[in-house]
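The next block holds one structure in the form of structure tokens; read it before the comments.
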Amino acid sequence: MCLAIPGKIKSIEFQYDGTVRMAKVLFGGITKEASLEMVPDAKEGDYVLVHVGVAISIVDEEEARKTFEYLEEIGEIDELVASSQLDRPNPL
Amino acid sequence: MKYLSEFRDPEVVEHYLEELHKVATRPWTIMEICGGQTHSLVKNGLLNLLPKQITMVHGPGCPVCVTPLNLIDKAVYLAEEKGVILCSFGDMIRVPGSSRSLLEAKANGADVRILYSPLEAVKIAQEHPERQVVFFAVGFETTAPANALSVLHARRLGLTNYSILASHVLVPPAMEAVINDGEAQIQGFLAAGHVCTIMGLEEYEPIVQKYHIPMVVTGFEPVDLLQGILMTVKQLENGEAKLENQYSRVVKANGNPEARKVIEQVFEVSDREWRGIGNIPLSGWEVKASLADFDANRKFAISIAKASECADCIAGQVLKGIKKPFECSQFGKGCTPITPLGAPMVSSEGACAAYYHFAEADVA
Ligand code: SF4
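Going down the list, the protein sequences come from chains A and B.
Positions 13 to 104 (our numbering) are the ones given, in order, by the first sequence.
Positions 7 to 370 (our numbering) are the ones given, in order, by the second sequence.
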């Protein structure tokens, strides 16, 4: 769970009544939502290191690509894919 | 060399290994704090490639592993008895409590949900105003900004049905506890790259000075780890003790100040019990009293008697680097990832699970 994964900011929107900067971030083929509150300078097209739904730093593209490839190679991205399916509650 | 093909850049790896074999003349014991690094070291077979003089011992940096039994029992209680929607990271729900895990509670009908991010739990709270939603907020400094943000988001939205069960631990006090314990005889540390991405380097300098111990902030890829180990060994061989940053492409000296601001708004430093290790003073974060409404502990006034740990599990010694997983009598026998007796066998960042999955035959 401590893994931080680099991804590319696809789009930025304001949520929570327009107060919070959230991004759609691309990790390979997967898109996930991440808060940009910790990286106020991040803009569309930038690469950010995302940990449990929060971008914690901006990284350069080359670094991001290398890290992502490594994670993919050792199968760590599978975890992201698995956790991207929100576990649905027991039928109520 | 059977793992070498998995490396991104075998040549660089080879180069660092050669360097290490040249530089290391005496036996050294180095601890990597971060469970993600343990996982990477074992998974990539690096432990088998290091010079014999270098012993890597695995630190307590697995938040799932050090979350106390009592808190797991509390989470199970909230899900079963209070009927809350209990949300958690995936790893945490399989850790055995004193009578059952959250996964078993879920199988019995409790509403336990696995999430990728605490921010998703806030959305669930928004969608279910009639239900109480609790996020099991475990983690080191890396995860604290996300957990803290979830509280701030919930407050901003005016939610009264969201709270977190915090189990937040801090790396520097744990390092000191490991040093002071003495038994493991740690001579150098790889500090955790992603923790320092948030916190920066400042907190570590005093530890380096006080104990005259080399420390290298390190990333988690094979090449990072080998470089970090090399930098540490060079210091040791030269009789130096410095704080160095191998992971400077990500870690800035002052960390991420925005993230720390968010942490400060929500958390305050507190004493913390570490599973298997015991109480370490000022080693955790608790939700501030002014945000008591978002603190599941206070909100539900939960009080559950402390149960005792499985007698055979030596997780405490494993987490302090005193024993290796295969020295446990239950390792791979009574205790496997399917039937874990202790948390280090559950989390992929736990040392026992890492050894079980990747290195059983090679390392033992
Ligand atoms: S192998 Fe299992 S029982 Fe032994 S220390 Fe690890 S988690 Fe505990």
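Backbone N, C-alpha and C define an ideal beta-carbon position, used for all residues, glycine too.
Predicted model, so just to flag it, every value in this text is computed and none were measured.
| Item | Value |
| --- | --- |
| Mind checking whether the beta-carbon of A:Ile-17 lies closer than 7 Å to any heavy atom of the ligand SF4? | no |
| Using beta-carbon positions only, say whether B:Leu-1 and B:Phe-146 come within less than 8 Å of one another. | Residue 1 of chain B lies beyond the range of chain B shown here (7 to 370); nothing can be said about it. |
| Within the same chain, show all residues whose beta-carbon is closer than 8 Å to that of B:Ile-219, passing over the 5 residues directly before and after it, in chain order. | Ile-185, Ile-192, Gln-193, Gly-194, Phe-195, Ile-213 and Ala-247 |
| Report the CB separation of B:Ala-265 from A:Met-34 in whole angstroms; it is logged as a contact under 8 Å. | Contact doesn't hold; Cβ gap of about 16 Å is too wide. |
| As an exercise, report each continuous alpha helix (DSSP H) stretch of at least 4 residues that is fully enclosed by the region 222 to 297 of chain B, in chain order. | 228 to 243 and 263 to 272 |
| Compare the C-beta of A:Val-32 with all C-beta atoms of chain B and state if any pair is closer than 8 Å. | yes |
| Quick check on B:Pro-66: does DSSP put it in helix, strand or coil? | strand |
| Taking 7 Å as the cut-off, is the CB of B:Met-351 close to at least one heavy atom of the ligand SF4? | yes |
| Where does B:Ser-354 land, buried or exposed, given buried means 16+ other C-beta within 10 angstroms? | buried |
| Is it the case that the Cβ atoms of B:Ala-152 and B:Gly-206 are separated by a distance below 8 Å? | no |
| So B:Val-157 packs on B:Leu-92, CB below 8 Å; how close in whole Å? | Not a contact, Cβ separation roughly 17 Å. |
| Which of the residues in the region 47 to 75 of chain A, read from start to end, lie with their CB under 8 Å from any CB of chain B? | Ser-47, Glu-49, Met-50, Val-51, Pro-52, Leu-61, His-63, Val-64, Gly-65, Val-66, Ile-68, Ser-69, Val-71, Asp-72 and Glu-75 |
| Please return the same chain residues whose Cβ sits closer than 6 Å to the Cβ of A:Gln-97, not counting the five positions on each side in sequence. | Low local confidence applies: a pLDDT of 40 at A:Gln-97 is under 50, so the model's placement there is unreliable, with the coordinate-based value given in what follows. Taken in chain order, the list of residues that qualify is empty. |
| Around the C-beta of A:Lys-22, are 16 or more other C-beta atoms found within 10 angstroms, so that it is buried, or is it exposed? | exposed |
| Quick one: does the C-beta of B:Ala-5 sit closer than 7 Å to a heavy atom of the ligand SF4? | Past the boundaries of the shown model lies residue 5 of chain B; chain B is included only from 7 to 370, so the question cannot be answered. |
| So A:Ala-16 contacts chain B; which residues on that side make the cut at Cβ distance below 8 Å? | Thr-148, His-200 and Thr-203 |
| Under three-state DSSP, which class holds A:Gln-27? | strand |
| Ends of the beta strand (DSSP E) at A:Val-37? | 32 to 39 |
| Can you find the residues in the same chain that come closer than 7 Å, C-beta to C-beta, to B:Gln-323, ignoring five residues on each side of it along the sequence? | Lys-329 |
| If you run the structure through DSSP and keep just helix, strand and coil, what is B:Tyr-362? | helix |
| Helix or strand or just coil, what does DSSP make of A:His-63? | strand |
| Does the distance from the C-beta atom of B:Leu-84 to that of B:Ile-99 stay below 8 Å? | no |
| At a cut-off of 7 Å, is B:Phe-364 close to the ligand SF4 when judged by its beta-carbon and the heavy atoms of the ligand? | no |
| Excluding the five sequence neighbours on either side, which residues of its own chain have a C-beta within less than 7 Å of the C-beta of B:Val-48, listed in chain order? | Ala-360, Tyr-361, Phe-364 and Ala-365 |
| Residues in its own chain within less than 7 Å of B:Ala-357 by CB, not counting five upstream and five downstream? | Thr-44, His-64, Val-324, Pro-331 and Pro-350 |
| Are the beta-carbon atoms of B:Met-181 and B:Ile-39 separated by less than 8 Å? | yes |
| So, is B:Asn-244 buried or exposed, given that buried needs 16 or more other C-beta atoms within 10 angstroms? | exposed |
| Rounded to the nearest angstrom, what separates B:Thr-203 and B:Gly-96 at their Cα positions? | 23 Å |
| Within 10 angstroms of the Cβ of B:Asn-54, are there 16 or more other Cβ atoms? Answer buried if so, exposed if not. | exposed |
| With distances taken from CA atoms, which of B:Ala-116, B:Asp-117, B:His-134 and B:Thr-148 is nearest B:Ser-123? | B:Thr-148 |
| Could you check whether the Cβ of A:Thr-43 sits closer than 8 Å to any Cβ belonging to chain B? | no |
| Does DSSP put A:Ala-18 in a helix, in a strand, or in coil? | It should be pointed out that residue 18 of chain A corresponds to Pro in this sequence rather than to Ala. Note: A:Pro-18 maps to strand in three-state DSSP. |
| Taking a contact to mean a Cβ-Cβ separation below 8 Å, would you say B:Glu-25 touches B:Leu-231 in this structure? | no |
| Quick check: is the beta carbon of B:Tyr-22 nearer than 8 Å to any beta carbon in chain A? | no |
| Compare the C-alpha of B:Asn-167 against each of B:Glu-274, B:Arg-281, B:Lys-88 and B:His-174 and name the closest. | B:Lys-88 |
| Consider the Cβ of B:Pro-33: report whether some Cβ of chain A lies at a distance smaller than 8 Å. | no |
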